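Encoded as structure tokens, the structure appears first; notes follow it.
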Amino acid sequence: MSERAPTLVIDRASVAYGDVPVLEELDGVVHEGEAVALIGPNGAGKSTLIKALLGLVPVVRGRIEVLGTTPAQARRDVAYVPQADTLDPDFPVSVEQVVMMGRYRRIGWLRRPSAADRAEVAGALERVGLAARARDRFGTLSGGQRQRVLLARAIAAGPRMLLLDEPFNGVDAVSQHALLEAIGSLKEQGASVVVSTHDLAIAHLACDEVCLLNRHQFGFGPTGDVLTPERLRATYGGHALELRGDRVIVTQT
Amino acid sequence: MTWLDSTVHRALVEAVLVGVLGGVTGVFVVARRLPFFTMALTHATFPGIVVAAMLGVNLYLGGGLFGLLVVAAVLVFSRGRGQDFTTATGIALSGGFGLGVVLVSSQDGFTRDLAAYTVGDVLAVSTGDLAATVAVTVGVLLLLALVGKELLLAAFDPVGAAALGLPTVLLDFALLAVVVVTVVATVPALGTILAVALIVGPAATARLLSDRIALLFPIAAAIGVACALAGVWVSTVWNVATGASIALLVGLVFGAVFLATALRGRTRRAVPVRA
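These protein sequence lines are chains A and B, in that order. Here the first sequence stands for residues 1 to 253, numbered as in UniProt numbering. Here the second sequence stands for residues 1 to 275, numbered as in UniProt numbering.
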């Protein structure tokens, strides 16, 4: 793994909204074709870290390097997958229109999608198993299907790095499987994946590395080494009372 | 004598233009859930018009510039601690309208002019008003044709748009500026209070009829034009206020389409789903 090129380098980085520090002293490296899970309680700063990787929240100390450059400059090759339920389900936009948004950067200003763009959109929908729903309104799909559409949008962008914010929340088994398959095939093509999740089973299943976060970093490294009861308890502030199999049972966050 | 020398001809042309303009802009207003903002804007442009009248400059220029100022203020206020867009809009609505009324009450004599301005009169539009509406309509249609896809993304998924590196604040401002110029251009026909009818009503009606954004624009424009023309006709036949007739027709059309689609939905589905 380590002979592959690093795609994400975090070096003693602190991230803040204005004067309010959110994350402090983060360190870690992700290589191409690797996936890292961001794990921590609500409000731990997982979404903020993802926004920092997109250059939307400033790094106030230290350094974050994405694809060998600054996060803002790397955006062309980075695709972001928001949580589906943050988007208005009543918005009059079709599934294929949503996926086409992933092509906007390549299409550019003032231009219309070409036949090649449409082919990419169709291919991306195929990969998440939703080609048949292309013409439907986005909001008519289930939560899990909408999440798959948003992943298809990211795939259509042809990214070298994929950032997913809680993609498995409230997602049924079929969609979870489809999401994991699509993420796996992107990894095989050499893309790096950063995914925030509460689900330790998914972290084990899909990710090579784990970053434990709660304002500070409580561990960053190979999944098997980092996901230990002691570290999880530390991350969850002593509220991670029980670890049963792959699950952490949190009484209070 | 030209064709446009006739009051009725000018009214008909203005009706078609504001119908198209209101309908098209309205699609974004409704999709983005901005009707309240639009309502606030129609009231907040009021002090700009009063100041323009006091200074003796073009009323629409005054209203338009003040409207842009209000948009900028709302965007800044909504970024404040614990604030949101709706709160900032509410403050802009009441504060702007209050400022207008204070200015009016400090003056003698021109309250009557301004009364005409608040409810509008499409039968009184001048060739200059028409030229302004043509310019705004062409400008808005051109902008939507050129950056429509970026506006759509910024409206649907602001964080996703920012993640792509799109200038979301600029796109927000552009969309709100489109609403401002639409409001200002619609005011001669419908007045500051009723302008919101032609912007929200036809687009909301179109939304009842279709989910496809590409279809919403022509449907909303067609409904806007039909209501505006019918309103001019109603007001000349029965000699009632034109702006109010248009606003009333817009409301009636929405109600009729709402009932029709609700009934059709009920017969189609055994189990009614959430609207």
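Note that the Cβ used here is the ideal one computed from N, Cα and C, for glycine as well. Bear in mind that the values here come from a model prediction, so they are computed numbers and not experimental data.
Listed in chain order, which residues of the stretch 97-108 of chain A have Cβ atoms closer than 9 Å to some Cβ of chain B? If you check each beta-carbon in the stretch 97-108 of chain A against every beta-carbon of chain B, the ones closer than 9 Å belong to GLN97, VAL98, MET100, MET101, GLY102, TYR104, ARG105 and ILE107.
Could you give the distance in angstroms between the alpha-carbon of ARG207(B) and the alpha-carbon of LEU152(B)? Here residue 207(B) corresponds to residue number 207 of the second sequence, with the count starting at 1. Here residue 152(B) corresponds to residue number 152 of the second sequence, with the count starting at 1. Each residue's alpha carbon lies about 16 Å from the other.
Give the residues of chain A in contact with PHE28(B), contact being defined as C-beta atoms less than 7 Å apart. As a working note, residue 28(B) is residue 28 in the second sequence. Ordered by position in chain A, no residue passes the 7 Å Cβ test against PHE28(B), which lies about 10 Å from the chain.
Cβ pair LEU61(B), ALA52(B) closer than 9 Å: Position 61 of the second sequence, counting from 1, holds the residue named residue 61(B). Position 52 of the second sequence, counting from 1, holds the residue named residue 52(B). A contact, by the Cβ cut-off of 9 Å.
Where the stretch 136-151 of chain B meets chain A: residues whose CB sits under 8 Å from a CB there: Taken in chain order, the members of the stretch 136-151 of chain B whose beta-carbon sits within less than 8 Å of a beta-carbon on chain A are LEU146, VAL147, LYS149 and GLU150.
Cβ shell of MET39(B) (< 6 Å), same chain only, five flanking positions each side left out: If you number the second sequence from 1, residue 39(B) lands on position 39. Within the same chain, MET39(B) has close Cβ partners VAL196.
Near-chain A residues of the stretch 50-80 of chain B (beta-carbon distance less than 8 Å), N- to C-terminal order: The stretch 50-80 of chain B vs chain A, Cβ under 8 Å: nothing.
Same chain, Cβ closer than 7 Å to ASP84(B), five either side skipped, listed in chain order: Along the second sequence, read from residue 1 onward, the residue named residue 84(B) stands at position 84. So the list reads SER78, once near-sequence residues are dropped.
DSSP three-state label for CYS227(B), please. For the purposes of this step, residue 227(B) is taken as the residue at position 227 of the second sequence. CYS227(B) falls in the helix class under three-state DSSP.
State yes or no: is the beta carbon of TYR17(A) nearer than 9 Å to at least one beta carbon in chain B? On the first sequence, residue 17(A) is found 17 positions in, with the first residue counted as 1. No, TYR17(A) lies away from the interface with chain B (no Cβ there is under 9 Å from its Cβ).
Quick one, which residues of the stretch 137-148 of chain A are near chain B if we go by CB-CB under 7 Å, in chain order? For the stretch 137-148 of chain A, the residues whose beta carbon sits under 7 Å from a beta carbon of chain B are, in order, ARG137.
State the Cα-Cα distance for the pair ALA31(B) and PHE217(B), rounded to the nearest angstrom. As a working note, residue 31(B) is residue 31 in the second sequence. As a working note, residue 217(B) is residue 217 in the second sequence. The straight-line gap from Cα to Cα measures roughly 12 Å.
Of all Cβ atoms in chain B, is any one closer than 9 Å to the Cβ of ALA119(A)? Sequence index remark: in the first sequence, residue 119(A) carries index 119 (1-based). Closer than 9 Å: no.
For ALA241(B) and MET54(B), I'd like the C-alpha separation in whole angstroms. As a working mapping, residue 241(B) is identified with position 241 in the second sequence. As a working mapping, residue 54(B) is identified with position 54 in the second sequence. When only Cα atoms are considered, ALA241(B) and MET54(B) end up about 27 Å apart.
Beta carbon proximity, SER114(A) to chain B, threshold 9 Å: Locating residue 114(A) in the first sequence gives position 114, counting from the first residue. Closer than 9 Å: no.
Under three-state DSSP, which class holds THR253(A)? On the first sequence, position 253 is the one that residue 253(A) refers to. Only weak support exists for where THR253(A) lies, its pLDDT of 43 falling under 50; the value from the coordinates is given anyway. Annotated three-state conformation of THR253(A) is coil, per DSSP.
Is the CB of residue 254(A) under 9 Å away from at least one CB in chain B? Residue 254(A) lies beyond the stretch modelled for chain A, which goes from 1 to 253, so this question has no answer here.
Could you give the residue range of the beta strand (DSSP E) that holds GLU32(A)? Your numbering for residue 32(A) matches position 32 in the first sequence. Neither: GLU32(A) is in no beta strand (DSSP E) and is coded neither H nor E.
How do the stretch 227-238 of chain A and the stretch 60-70 of chain A stand: do at least 3 beta-carbon pairs fall below 8 Å, yes or no? Contact between the stretch 227-238 of chain A and the stretch 60-70 of chain A is absent, with fewer than three C-beta pairs closer than 8 Å.
Delimiting residues of the alpha helix (DSSP H) encompassing TYR60(B): If you number the second sequence from 1, residue 60(B) lands on position 60. Start and end: 59-77.
Between which residues of its own chain and ARG160(A) is the CB-CB distance below 8 Å, once the five residues before and five after are set aside? Working through the first sequence from its first residue, we reach residue 160(A) at position 160. Shown here for ARG160(A): same chain residues with a beta carbon closer than 8 Å to its own, the five before and five after excluded, namely THR7, GLU32, LEU67, ASP77, VAL78, GLY190, ALA191 and SER192 in chain order.
Residue span of the alpha helix (DSSP H) that contains ARG148(A), given as start and end: Your numbering for residue 148(A) matches position 148 in the first sequence. Start and end: 143-156.
Is any beta-carbon of chain A found at less than 9 Å from that of PHE85(B)? Here the question's residue 85(B) lines up with position 85 in the second sequence. At a cut-off of 9 Å between C-beta atoms, PHE85(B) does not count as an interface residue with respect to chain A.
Consider the Cβ of THR86(A): report whether some Cβ of chain B lies at a distance smaller than 9 Å. Residue 86(A) sits at position 86 when you count from the first residue of the first sequence. It does: the Cβ of THR86(A) has a partner Cβ on chain B nearer than 9 Å.
Three-pair Cβ contact test at 8 Å for the stretch 83-90 of chain A versus the stretch 31-46 of chain A: The answer is no - the stretch 31-46 of chain A does not touch the stretch 83-90 of chain A, with fewer than three Cβ pairs under 8 Å.
Contact set between PHE156(B) and chain A, taken where Cβ atoms lie within less than 8 Å: The residue labelled residue 156(B) in the question sits at position 156 within the second sequence. Result: LEU87, ASP88, PHE91, VAL93, VAL98 and MET101.
How do the stretch 200-220 of chain A and the stretch 56-65 of chain A stand: do at least 3 beta-carbon pairs fall below 8 Å, yes or no? Not touching, per the Cβ criterion.
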